[in-house]
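Trainee:
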Amino acid sequence: MLRCIATDMDGTLLNSKQQISKENETALKLAQEKGIEVVVATGRSYYEAASVLEEAKIVCPIICVNGAEIRNSEGEKILSNPIPAELAKRVMNKLDEMDYYYELYSNSGTYTRDPKLGLAVLMDLFQSANREAVPWIQMEEEARKRFAEGVKVVEDYGMLVNEKSFELYKILVFDKDNEALQKAGIELEDPDLAITSSAFGNIEINYKSAQKGVALEAFVQERGISLAETLAIGDQLNDLSMLEIVGTAVAMGNAAEEIKQIAHYITATNNENGVAHAITKYMNLM
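So the sequence shown is numbered by the numbering used here: it starts at 19 and just counts up by one.
#1: Taking its Cβ as the centre, do 16 or more other Cβ atoms sit within 10 Å of Arg62, making it buried, or is it exposed?
#2: Report yes or no: do three or more beta-carbon pairs, one from the segment 100-116 and one from the segment 222-235, lie closer than 8 Å?
#3: Pick helix, strand or coil for Gly252, following the three-state DSSP scheme.
#4: Can you tell me where the alpha helix (DSSP H) holding Ala233 begins and where it ends?
#5: Runs of 3 residues minimum, wholly inside the segment 87-115: which ones carry the beta strand (DSSP E) assignment?
#6: Got a sec, what are the start and stop residues for the alpha helix (DSSP H) Gly127 sits in?
#7: Flag this pair as touching only if the segment 82-91 and the segment 50-62 have three or more C-beta atom pairs under 8 Å; answer yes or no.
#8: Got a sec, what are the start and stop residues for the alpha helix (DSSP H) Ile297 sits in?
#9: In its own chain, which residues sit with a C-beta less than 7 Å from the C-beta of Asp26, not counting the 5 before and 5 after it?
#10: Compare the beta carbon distance of Leu137 and Ala161 with 8 Å and say whether it is the shorter of the two.
#11: Return the CA-CA distance between Leu122 and Arg241, expressed in angstroms with no decimal places.
#12: Would you call the segment 283-302 in contact with the segment 32-44, where contact means no fewer than 3 C-beta pairs closer than 8 Å?
#13: Which complete beta strand (DSSP E) runs does the segment 64-89 hold, if anything under 3 residues is left out?
#14: Flag this pair as yes or no: are the beta carbons of Thr248 and Val268 separated by less than 8 Å?
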């Protein structure tokens, strides 16, 4: 019996134009009409995720920032798992020593110390990843829009972290040398951290309890749903923790090989409405 569907956003629910296709939208709404709980589980902040869902008129709970925050269907925060301040400072000091560009995701927004460097890093990253599906001009527009509208500029990260009201949800690190960056992630490993990746050229650093799998398990238990009755769909390593624990794990056709290896089913790509295909397949088995 399928009672809950959890879907990642980027590379999964969203196509390469960063949109939810009509087919995916229809499938999710049909699942909701059948009484199936739908939850989005994303590395995005609440506001980044909610704006896209609003365009498609999809109303559902959101597991945000890899599980660092859970919001209900009304957008109210019901749980948060921030990185403790002293631990965050140690991580940031190491990243500064390694000379990596990184941003902070928090309860008060996303922060950068250098938007010009951030834009240059992102464009290098796009080029290195060879994202042929999206025109270069469109990628540049997306990156510029992100820094103009969604990222705040601050001179000193330390001052933010020292504020008592500040909750640091995620440290997002970028570099076009993906292999070196993944090795840096290994150097940063700590029993109190969860270090994953959501795309080529990034690592995402969260508190140990801020993982999609941990958040999804708490989410379904609170609703009296078992993990065996839950289907999860994803494409990258930050989806691994939830795909490993659910009754039905679905990998996107464009997923990382590690994700495909543990999946029960591999659906179509995010540009081929893979989420809709998977939902339709498993609802037909109900």
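Even glycine gets a Cβ: it sits at the ideal position worked out from N, Cα and C.
Mentor: Short version:
#1: buried
#2: yes
#3: strand
#4: 230-240
#5: 87-89, 95-98
#6: Gly127 -> not in any alpha helix (DSSP H); beta strand (DSSP E) instead, spanning 127-130.
#7: yes
#8: 292-301
#9: Ala59, Thr60, Ile251, Gly252, Asp253, Asp257
#10: yes
#11: 31 Å
#12: yes
#13: 80-82, 87-89
#14: no
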